[in-house]
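Participant: Following this message is one structure expressed as structure tokens.
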Amino acid sequence: MSSKLIDAFLDALWLERGASVHTLDAYRRDLMHWQRHLSQHDMSLLAPDSQTYQMLIEERRDNGYQARSDARLTSSLRRFYRWALVTGQIERDPLADIVAPRARAGLPGTLEEEEVERLLGAPDVTTSLGLRDRAMLEVLYSCGLRVSELVGLRVDSINLRQGVVRVLGKGDAERLVPMGEPAIEWLERYLREARGDLMNDITRAPLFPGRGDGFMMRQTFWYRIKHHATRAGIDAPLSPHTLRHAFATHLLNHGANLRVLQELLGHRDLSTTQIYTRVAQARLEAIHAKHHPRG
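In the working numbering, each number is its position in the sequence shown, counted from 1, plus 1161.
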């Protein structure tokens, strides 16, 4: 019964809000985690209490979960019970009175411009794989894409003459992002010299193919990024979004408008974009502390 309820909720999210597969997977993990906790206390998914919720949060803290993760879990539960209330599954929200954990958004990890140049130059472009990786890194940094957006690009997603890429982002929201000249040049070279070598059937859709002419998996490209970072001698902690964060931070450092950056990144809410102003401020403070005689 509980699993069917969760499936029905996820179907509603997909139909009404166009939630992506990754978003739906995150909701499912949170709700299944909550369901397992409730079953240990002989409670059903539709009849929990705030004390059981608090017990779960305390257990998670003991197990090393961060407040940010707890806040996301709480958001998932609240949305589920709002849906259950609206659809008549319950008569009142059982978690209406809970005090959610507050998570302060951390500063995303990024790279200095010199480090980005080293990373972009790391692939061996005398090989087809190296050319593919160089083109992918250039597009990723030039356009500030999410890795999932990058690996999902189709051949018809790019217009080299106009220098733009059509991106399908979260919630199937589409946006056009301009590419810089280096990205265009490396894409042209990759398409001319390498893509045909990497595919059995060049009429297939993926711009950057993985195995079997299909779309590359996010994890595969993440391993490629780490490989090239090692070759470039970059010791900074990396995440799949590091080049996206670098794109945003470097644009702000060079005077970009926050609203324009929001459009380029595909953020629905400006507050999501504003975290990069903190990154830029933190960088300025670090430079001041390091170089100013009274810093």
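C-beta: ideal position from N, C-alpha, C; glycine also.
Measuring only the C-alpha atoms, how far is G1427 from G1330?
Facilitator: Roughly 7 Å between the two C-alpha positions.
Participant: Can you list, in chain order, the residues of its chain whose CB lies under 6 Å from that of I1448, leaving out five sequence neighbours each side?
Facilitator: Caution applies to I1448, whose pLDDT of 45 falls short of 50 and renders its modelled position unreliable; the model cannot decide the point.
Participant: What are the uninterrupted segments assigned as alpha helix (DSSP H) that are 4 or more residues long and contained completely in the segment 1367 to 1454, given in chain order?
Facilitator: Runs found: 1379 to 1392, 1403 to 1414, 1419 to 1426, 1431 to 1434, 1436 to 1452.
Participant: Using CA coordinates, which residue listed in R1253, Q1227, G1332, L1321 is at the minimum distance from E1177?
Facilitator: Taking only the C-alpha atoms, the option nearest E1177 is G1332.
Participant: Would you identify the three-state DSSP class for P1339, choosing helix, strand or coil?
Facilitator: In the structure shown, P1339 sits in a strand (DSSP, three-state: E or B).
Participant: Could you tell me the alpha carbon to alpha carbon distance between C1304 and L1425, rounded to whole angstroms?
Facilitator: About 7 Å.
Participant: Which of helix, strand or coil does DSSP assign to L1206?
Facilitator: In this structure, L1206 counts as coil in the three-state DSSP scheme.
Participant: Applying the 10 Å Cβ sphere with the 16-neighbour rule, what's the burial state of G1313?
Facilitator: G1313 should be labelled buried.
Participant: In or out: T1381 buried (at least 16 other Cβ within 10 Å) or exposed?
Facilitator: Under this definition T1381 is an exposed residue.
Participant: Among all the DSSP beta bridges, which residues are the ones paired with I1491?
Facilitator: There is no way to answer for residue 1491, as the model of the chain reaches only from 1162 to 1456.
Participant: Looking at the unbroken alpha helix (DSSP H) that takes in Q1196, where does it start and where does it end?
Facilitator: Per DSSP, Q1196 belongs to the alpha helix (DSSP H) from 1182 to 1201.
Participant: List the whole-angstrom C-beta distance separating E1299 from L1321, where the pair is believed to meet the contact cut-off of C-beta under 8 Å.
Facilitator: About 13 Å; that fails the 8 Å criterion.
Participant: Indicate the three-state DSSP secondary structure (helix, strand or coil) for E1299 in the structure shown.
Facilitator: Note: E1299 maps to helix in three-state DSSP.
Participant: If I'm right that L1292 touches V1286 with Cβ under 8 Å, what's the distance once you round it to whole angstroms?
Facilitator: The pair is a contact, with the Cβ atoms about 5 Å apart (cut-off 8 Å).
Participant: Any idea what DSSP makes of A1173, helix, strand or coil?
Facilitator: A1173: helix per DSSP, three-state reduction.
Participant: Would you call the segment 1241 to 1253 and the segment 1165 to 1172 touching, i.e. three or more CB-CB distances under 8 Å?
Facilitator: They touch, by the three-pair rule.
Participant: Could you name the residues of the same chain whose beta carbon sits closer than 7 Å to that of D1258, not counting the 5 residues immediately before and after it, in chain order?
Facilitator: Correct list, in chain order: S1211.
Participant: When you compare each of L1399, H1198, G1371 to T1271 by their alpha carbons, which one comes out closest?
Facilitator: Comparing Cα positions, the closest option is L1399.
Participant: Would R1429 and A1366 qualify as a contact pair, given that the criterion is a beta-carbon distance under 8 Å?
Facilitator: No. Outside cutoff.
Participant: Could you name the residues of the same chain whose beta carbon sits closer than 8 Å to that of R1420, not counting the 5 residues immediately before and after it, in chain order?
Facilitator: So the list reads L1431, once near-sequence residues are dropped.
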